[in-house]
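Visitor:
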Amino acid sequence: MLNHTSANRLKKMLTVALAVFVALGGRLAWLQLYKGLYYGKQADGNRMRSAVIMAPRGRIMDIRGKVLADSSPGYALRLQAGHAFSGREVDLLARLLGMNRDEVHKKAERAANTYEQIVVKGELTQREITLLEERLKELPGLSLDLQPVRHYLYKETAAHVLGYVGEISEEQLKQERYKGLPPGSIVGKEGLELIYDDVLRGETGRRTEEVDVRGKVIRKLAGQAPVSGKGLVLTIDIALQQHLEQVMDKQLQALRSSGIAPNAYAAAAVAMDPNTGAVRALVSRPGYDPNWFVGGISNAHWKRINENVFHPLTNKVINGEYPAGSTFKVVTGTAVLDQHKVTPEELIFDSGRHWLADMGNAGGEALGWINFQTAFAMSDNVYFYEMGRRAGIENLNAYAAQYGFGKPTGIELAGESAGLIAGPAAKKKVFDEEWTLGDTFNAAIGQGLTLVTPMQICQMMAAVAADGVVHPPYLVEKVVNPDGTVYKVPERPAARKLRVEPETIRLIQKGLKGVTRRGGTGAWFSGLPLPVAGKTGTAENPHGQDHGWFIAYAPAERPDLAIACVVEQGTYGATAAGPVVYEVLETYLNSKLDKETGRK
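Numbered per the working numbering, the sequence shown spans residues 568 to 1167.
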């Protein structure tokens, strides 16, 4: 009886054991034969890792070879392709990096569904690196990789020229110019970094590594080295650029603190060589530090930019559109003299108001009998109302277009504004009203619908300085290889000659010189080391105080620098923008004399 019972139990145990053996054998066969290739690849994926090696961006230098933007080694945190991150891991990572949880989650999802690594943060601080290394065991699928990081050595200086870089966006990845770039690539976002991105960014490399279960590199197996980007040599003179920025910031502070112009926070200035079009300095205020954007801008910095009502990211030199004010009298004077609507000696009586319209000089000032040179030097409105009437709006528009108004100058920066040339068509489009004589009067002194950018005004002034030759402005002198040899010189628009008589240009030059002499609106400029030519301008602003202009070229004979400056809501041009131009030219001309005479 007992033996029979034991035999039954043994049979049952053998049956269970056989069933377990069959199940295990079947599972083993399924894993080995059916899923073997799949899990083999998975195992290789855990052991082998392919990573992108970012190329160092090319240097950006000023005209004398001083480095303005460069790349240096830094650490980036990447998520491994195909790795699924849990909610707990996402929370931990966001906390360690001080990032928004949703942003980290979005990148983790991209990493789980892509074949390329995803950059979580592009420039890690030493504290972040330490925190991550302490918790790497809890965060599989991460890697800390050495990569080149962009640095702007002069911080805010020339920010609107250089622009900044950032991680390529999903929209950019779809564009033809970025075809083939992996996610996480660093590309130019603004300024010359954007325009010359394909030259500066070089070619990415790739490496294959063997890693352990924690993602630590055991050995490097193969790879393709990155190719460094080419560099840019700019026309910018960093010494002049820094000085112009410092003087402008000081003047804006002085205007606000004095109570004369409490809202003088925004301004723009540009200086160029009138003989070539090379831009030597370009300043827009308020500014920003492009280093803020490297590795992803912080919430604090973005708030500081976004909440500033004076728009720090806007390059006001090429995008700021302002009434030209009395600087436009250069155009009006050119039109009437070239069309022989007036002779330089003809006297016109200024009673304080024009006899055909109820429009006069500021403050009702009356200058009596005056000729062209006196009217120009003293910026008399009544005289130039009459010049506008004699020339007619069609002629004013034609000469404005010759100087380059109403269209972009073509400088190598994205989104340059065209401005607006006032006229019947413009008024009809904007206000659906007919043109009047009063509109012509306003147009003749740069008011009304006329809108210009500081870059256009500087180009106009430079054309007069260059005896009627327009040299389109440019910023890049040459593109160089990493070893400094010249790769290429960018093509530039050809210079063009104004279709005006040489005597007309000579008379305009004489008028501009008169502005900076005794009796002119910029008479105090006669205190500079060398004579200069200039023009004041005050532009009406319906949204606040007037904008102040001052434009000049120096020296008055054989000029090699033209400059235009506008201060938003700075009131009169002579007191708002004039001091900026004066101080910059004083230093520039003293330096020029030192070099020419050898004085110390």
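Backbone N, C-alpha and C define an ideal beta-carbon position, used for all residues, glycine too.
Is it buried or exposed for P1069, if we count other Cβ within 10 angstroms and need 16 for buried?
Guide: P1069 should be labelled exposed.
Visitor: Hey, quick one: how far does the beta strand (DSSP E) through Y1120 stretch, first residue to last?
Guide: Here the beta strand (DSSP E) through Y1120 covers 1114-1121.
Visitor: Is it right to say K996 is buried, meaning 16 or more other beta carbons lie within 10 angstroms of its own, or is it exposed?
Guide: That one is exposed.
Visitor: Return the CA-CA distance between G1035 and L713, expressed in angstroms with no decimal places.
Guide: For G1035 and L713, the distance between alpha carbons rounds to 54 Å.
Visitor: Mark H907 as exposed unless 16 or more other C-beta atoms lie within 10 angstroms of its C-beta, in which case mark it buried.
Guide: H907 comes out exposed.
Visitor: Can you round the beta-carbon distance between I1024 and A1131 to whole angstroms, since I take them to be within the 8 Å contact cut?
Guide: Rounded, the Cβ-Cβ distance is 4 Å, consistent with contact.
Visitor: Buried or exposed: where does V657 fall if 16 or more other Cβ atoms within 10 Å of its Cβ makes it buried?
Guide: That one is buried.
Visitor: Assuming M839 and A845 are in contact, meaning their beta carbons sit under 8 Å apart, how far apart are those beta carbons, in whole angstroms?
Guide: Yes, M839 and A845 are in contact; Cβ-Cβ is about 6 Å, under 8 Å.
Visitor: Leaving out five residues before and five after V1056 in sequence, what residues of the same chain have Cβ atoms less than 8 Å from its Cβ?
Guide: Result list for V1056: E1044, K1045, V1046, in chain order.
Visitor: Between P829, V1037, K1080, Y763, which has its C-alpha nearest K797's C-alpha?
Guide: Cα-wise, what sits closest to K797 is Y763.
Visitor: Give a yes or no on whether the C-beta atoms belonging to I735 and V766 are separated by under 9 Å.
Guide: No, these two residues do not count as a Cβ contact at 9 Å.
Visitor: Taking only the alpha-carbon atoms, compute the straight-line gap between E1135 and E700 and give it to the nearest angstrom.
Guide: If I take the Cα positions, the gap works out to 51 Å.
Visitor: How many Å lie between L635 and K722 at the Cα?
Guide: Those two C-alpha atoms are separated by around 9 Å.
Visitor: I need the straight-line Cα distance from E1153 to A944, nearest angstrom please.
Guide: Rounded to whole angstroms, E1153 to A944 spans 21 Å at the Cα level.
Visitor: Between Y855, A1033, Y1041, which has its C-alpha nearest L980's C-alpha?
Guide: The residue with the shortest Cα to Cα distance from L980 is Y1041.
Visitor: Exposed or buried, which one is W936 when buried takes at least 16 other CB atoms within 10 Å?
Guide: Under this definition W936 is an exposed residue.
Visitor: Mapping DSSP to helix, strand and coil, what is N1157?
Guide: Three-state DSSP puts N1157 in a helix.
Visitor: Are Y1149 and L1128 touching if we call contact CB-CB under 9 Å?
Guide: Cβ atoms of Y1149 and L1128: not closer than 9 Å.
Visitor: Taking 9 Å as the cut-off, decide whether the C-beta atoms of G625 and G769 are in contact.
Guide: A contact, by the Cβ cut-off of 9 Å.
Visitor: Apart from the five residues on each side of it in sequence, which residues of its chain come closer than 6 Å, Cβ to Cβ, to P975?
Guide: Correct list, in chain order: E983, A985.
Visitor: Between the beta-carbon of A1106 and the beta-carbon of G892, is there less than 9 Å?
Guide: In this structure, G892 lies closer than 9 Å to A1106 by Cβ.
Visitor: Go through its chain and collect everything with a Cβ distance to I1075's Cβ below 7 Å, but skip five positions before and after it.
Guide: These residues qualify, in order along the chain: V897, G900, T901, V1031.
Visitor: How many whole angstroms separate the CB atoms of P640 and Y731, which I take to be in contact at a CB cut-off of 8 Å?
Guide: Not a contact, Cβ separation roughly 19 Å.
Visitor: Assuming L646 and E695 are in contact, meaning their beta carbons sit under 8 Å apart, how far apart are those beta carbons, in whole angstroms?
Guide: Going by Cβ atoms, the distance from L646 to E695 rounds to 15 Å, so no, they are not a contact pair.
Visitor: Along the chain, where does the alpha helix (DSSP H) that runs through M536 open and close?
Guide: This structure does not reach residue 536, given that the chain is present from 568 up to 1167, and the question cannot be answered.
Visitor: Exposed or buried, S865, counting other C-beta atoms within 10 Å across all chains shown (16 or more means buried)?
Guide: The residue is exposed, with fewer than 16 neighbouring Cβ atoms inside 10 Å.
Visitor: With three or more C-beta pairs closer than 8 Å as the rule, is the segment 1117-1128 touching the segment 1086-1101?
Guide: Touching, yes, given that three or more Cβ pairs across the two stretches are closer than 8 Å.
Visitor: Below 8 Å on the Cβ atoms is my guess for Q791 versus T724; work out the distance and round it to an integer in Å.
Guide: That pair is no contact at about 37 Å.
Visitor: Assuming A643 contacts K688 under a Cβ cut-off of 8 Å, what Cβ separation, rounded to an integer in Å, is found between them?
Guide: The pair is a contact, with the Cβ atoms about 7 Å apart (cut-off 8 Å).
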